[in-house]
Amino acid sequence: MAYQPIENYGMIGDMHTVALVGVNGSIDWLCVPDFDSPSIFAAILDDEKGGYFKIAPACDDVVFKQFYWPETNVLITRFLTPGGAAELTDFMPAGRAVSGQDHRRQIIRRVTAVLGPLNFRMECRPAFNYARDAHETKITSDGATFRSPALTVGLAATTQLLEHEGGVVSEFTLAQGETAVFVFGHVPSHMDSDFGLTPDQAEDLFRRTVAYWRGWIGKCRYTGRWREIVHRSALALKLLTYEPTGAIVAAPTCSLPEGVGGARNWDYRFTWIRDAAFTVYAFIRLGFTDEAEQFMRFLSNLCKEPGPGGSLQIMYGIDGRKKLTEETLDHLDGYMGSKPVRIGNGAYDQLQLDIYGELLDAAYLYNKYGAPISYDMWLSLRALTDWVCGHWQRPDEGIWEVRGGQHQFVYSKLMCWVAVDRSIRLADKRSFPAPRERWLEVRDEIYEDIMQNGWSERRQAFVQHYGSQSLDAANLMLPLTFFVSPTDPRMLSTLDATLLPPAKGGLTANSLVYRYNIAETADGLAGEEGTFNICTFWLVEALTRAGRHDRQRLEQARLMFERMLGFANHVGLYAEETGHRGEALGNFPQAFTHLALISSAFNLDRALGPGA
Numbered sequence: 007m008a009y010q011p012i013e014n015y016g017m018i019g020d021m022h023t024v025a026l027v028g029v030n031g032s033i034d035w036l037c038v039p040d041f042d043s044p045s046i047f048a049a050i051l052d053d054e055k056g057g058y059f060k061i062a063p064a065c066d067d068v069v070f071k072q073f074y075w076p077e078t079n080v081l082i083t084r085f086l087t088p089g090g091a092a093e094l095t096d097f098m099p100a101g102r103a104v105s106g107q108d109h110r111r112q113i114i115r116r117v118t119a120v121l122g123p124l125n126f127r128m129e130c131r132p133a134f135n136y137a138r139d140a141h142e143t144k145i146t147s148d149g150a151t152f153r154s155p156a157l158t159v160g161l162a163a164t165t166q167l168l169e170h171e172g173g174v175v176s177e178f179t180l181a182q183g184e185t186a187v188f189v190f191g192h193v194p195s196h197m198d199s200d201f202g203l204t205p206d207q208a209e210d211l212f213r214r215t216v217a218y219w220r221g222w223i224g225k226c227r228y229t230g231r232w233r234e235i236v237h238r239s240a241l242a243l244k245l246l247t248y249e250p251t252g253a254i255v256a257a258p259t260c261s262l263p264e265g266v267g268g269a270r271n272w273d274y275r276f277t278w279i280r281d282a283a284f285t286v287y288a289f290i291r292l293g294f295t296d297e298a299e300q301f302m303r304f305l306s307n308l309c310k311e312p313g314p315g316g317s318l319q320i321m322y323g324i325d326g327r328k329k330l331t332e333e334t335l336d337h338l339d340g341y342m343g344s345k346p347v348r349i350g351n352g353a354y355d356q357l358q359l360d361i362y363g364e365l366l367d368a369a370y371l372y373n374k375y376g377a378p379i380s381y382d383m384w385l386s387l388r389a390l391t392d393w394v395c396g397h398w399q400r401p402d403e404g405i406w407e408v409r410g411g412q413h414q415f416v417y418s419k420l421m422c423w424v425a426v427d428r429s430i431r432l433a434d435k436r437s438f439p440a441p442r443e444r445w446l447e448v449r450d451e452i453y454e455d456i457m458q459n460g461w462s463e464r465r466q467a468f469v470q471h472y473g474s475q476s477l478d479a480a481n482l483m484l485p486l487t488f489f490v491s492p493t494d495p496r497m498l499s500t501l502d503a504t505l506l507p508p509a510k511g512g513l514t515a516n517s518l519v520y521r522y523n524i525a526e527t528a529d530g531l532a533g534e535e536g537t538f539n540i541c542t543f544w545l546v547e548a549l550t551r552a553g554r555h556d557r558q559r560l561e562q563a564r565l566m567f568e569r570m571l572g573f574a575n576h577v578g579l580y581a582e583e584t585g586h587r588g589e590a591l592g593n594f595p596q597a598f599t600h601l602a603l604i605s606s607a608f609n610l611d612r613a614l615g616p617g618a
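See the structure below:
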């Protein structure tokens, strides 16, 4: 199989794990039973050894189309051939009312000949533990089981299966209107592998899954101009939540490259405090307070067991575990030869001071728009604020997790200011006991420090770190966090500098924004990268806020936002980055991108006003 472009995939899931389904009908990524479990299908990281599960017409001349059933996470892949047309429906039962108490991690694949007859080929070739573990294949009366030393999965089918090269294949013909059903799922040790479905049962499960997703998205309060893409982003974020704990993964994949053939390949199947706190903001904006509450409980549990000196890690496992040891999988070729393939993440023990601001801001917003926080939660937040007051002057690795040494990053200082500021506001709002005088003093000290050392008179802009002359898109958050007025001359000048192309010292190329200029920044990494999608949405929002007093900037924000919508893939999903040819790069789909889209859509729509 040839590699699919990253943007050629749709996502299905059940709030425990997800599968990526290509437009060619192939599932090329699936980890079982959870997001961060070893992969079973990983053809996206090695098209020969990685494993896949493909259903498609048995002919070469096929046109593929893919879309989501409206307002759901049920994925439809349509095959158009000279001899007829077929439709493949892929979904994972989600919600206990649909999937039951004993959640089975099942993928339902239902293929129907819309115009036929048509010949099909199904291939299921699992590769356990990132293609490191051997397995036994056994044909059963209604399908097949695949058993490795650590895991057993099964495939139930309404067609005849034949064993082939460690997997199974099935070649079958469907007359017009006929349907074949395949159910792939985890078989826990205490359960049997009998989970086959008749076409009528599959139809019932499909209808109940559609009803579940429509019921969920129906709670969304956003009714603005870009309702469809905002709903799609919300549905994607929901799939990236881990139901048992409330954790939110940054992305469901690992080692998809930031530059094809390069080494900037990371595992994002963990919960970053930063990403997840921003996601809470997005959920609250849309009215999904249950998801915000679940994550706040996850955070509360983390705060009960802080690290040395009362600090937090920048990321945790979806079960709250702290050690996320990074290793390379040298036996896998990587996406289109992009090595190394990494699992785990060595940045988990980095110092990134910004996480405290994002966490405190999320707590402040949740207390305001969700539910009042408890006294015990306040004690944890107060301790974290005290820790920030004692450590904000330290250099760190910053939001971008550079591996080129620590600096006094402006964004890190900004979010330390946010941490103290939101704690003061929260204490005043709820009359919580707090050392207000000390916090006020530290908050003002941080503010003056940023204004004195984070501003460059020569560049007429806020710079990446103290002593630097390079820009950083993270500084677009300065007005978004109410640190400075969006119309402050310093901020307007920073906006203008950011809008320049990289060749002229800026960060913007045809409305797409780089996080920083890698030619000017020693980040300790080789290779190139694309523009960062979240940075583009940050620029949209900064322009939006400045545009409330300058209509030209507001129009510029709208133009940039709507141009950026054109870089979503065919089903409305975004990766971490957009490459020089408009291709998706980095892990996919990326929570950071979708939450920033929601925030910028919400604020831009409000700033434009009705009828504009």
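Numbering of the sequence shown is given in this note's numbering, commencing with residue 7 and proceeding in unit increments. In this text, a Cβ means the ideal position worked out from N, Cα and C, and glycines have one as well.
For Met321, which beta-bridge partners are listed by DSSP? Trp278
Mind checking which residues open and close the beta strand (DSSP E) that includes Lys225? It is not in any beta strand (DSSP E) - Lys225 carries neither H nor E in the DSSP assignment.
Rounded to a whole number of angstroms, what is the C-alpha to C-alpha distance between Asn481 and Ala509? Spanning the two alpha carbons is a distance of roughly 20 Å.
Please classify Asp382 as buried or exposed, where buried requires at least 16 neighbouring CB atoms within 10 angstroms. exposed
What is the rounded straight-line gap between the Cα of Ser239 and the Cα of His22? 18 Å
Considering only residues of the same chain and omitting the five flanking positions on each side of Ser317, which have a CB-CB separation below 7 Å? Trp393
Given this structure, state the Cα-to-Cα distance separating Glu264 from Gly588, to the nearest angstrom. 13 Å
Determine the burial state of Gln399: buried for a count of at least 16 other Cβ atoms within 10 Å of its Cβ, exposed for fewer. exposed
Just list the residues that DSSP pairs Cys130 with in beta bridges. Phe59, Val174
Check each candidate in Ala369, Gly101, Arg214, Thr83 and name the one with the smallest Cα separation from Val120. Ranking the options by Cα distance to Val120, first place goes to Thr83.
Between the Cα of Val117 and the Cα atoms of Asp402, Ala49, Thr204, Gly376, which residue gives the shortest distance? Thr204
Give the straight-line distance between the Cα atoms of Asp40 and Phe212, rounded to the nearest whole angstrom. Straight-line Cα distance between these residues: approximately 22 Å.
According to DSSP, is Asn523 helix, strand or coil? coil
Terminal residues of the alpha helix (DSSP H) in which Met566 lies: If you look at Met566, you'll find it in the alpha helix (DSSP H) that goes 557-571.
Quick one: which unbroken alpha helix (DSSP H) runs of 4-plus residues sit fully inside the region 341-400? Chain order, please. Segments of the alpha helix (DSSP H) lying fully in the region 341-400: 360-371, 381-397.
From Arg564, Gly572, Pro595, Val577, pick the residue whose C-alpha is nearest to that of Arg231; which is it? Arg564
Give the single residue among Met128, Phe276, Gly90 whose Cα lies nearest to the Cα of Thr331. Phe276
If you check the beta carbons only, do Val577 and Leu545 fall under 7 Å apart? no
Within 10 angstroms of the Cβ of Val69, are there 16 or more other Cβ atoms? Answer buried if so, exposed if not. exposed
Counterpart residues of Trp461 in DSSP-defined beta bridges: Phe468
Can you look up Val424 in the DSSP assignment and give me helix, strand or coil? Note: Val424 maps to helix in three-state DSSP.
Check whether the Cβ atoms of Leu262 and Tyr341 lie closer than 7 Å to each other. Between Leu262 and Tyr341, the C-beta gap is smaller than 7 Å, which places the two residues in contact.
Residues in its own chain within less than 8 Å of Glu333 by CB, not counting five upstream and five downstream? Once the five neighbours on either side are set aside, the close Cβ partners of Glu333 are Arg348, Ile349, Gly350.
Looking at Ile145: is its Cβ nearer than 7 Å to the Cβ of Glu171? Result no, Cβ atoms of Ile145 and Glu171 do not sit closer than 7 Å.
Please name the residue in Asp360, Arg303, Asp210 whose C-alpha comes closest to that of Ile379. Arg303
Looking at the secondary structure, which residues open and close the beta strand (DSSP E) in which Arg84 lies? First-last of the beta strand (DSSP E) with Arg84: 81-87.
How about the region 496-506 and the region 470-485: do they share at least three Cβ pairs that are nearer than 8 Å? yes
Val38 - partner residues in DSSP beta bridges: None, per the DSSP bridge assignment.
The alpha helix (DSSP H) spanning His624 covers which residue range? The first residue shown for the chain is 7 and the last is 618, placing residue 624 beyond what the model contains.
What would DSSP say about Leu246, mapped onto helix, strand or coil? coil
If I measure Cβ to Cβ from Arg436 and keep anything under 8 Å in the same chain, skipping five residues before and after, which residues do I get? Asn373, Pro378, Ile379, Trp384
Would you call the region 78-96 and the region 247-258 in contact, with 3 or more CB pairs under 8 Å? no
Can you tell which of Phe567, Thr179, Asp66 has the C-alpha that lies nearest to the C-alpha of Ser605? Phe567
First through last residue of the beta strand (DSSP E) which encompasses Gln72: 69-74
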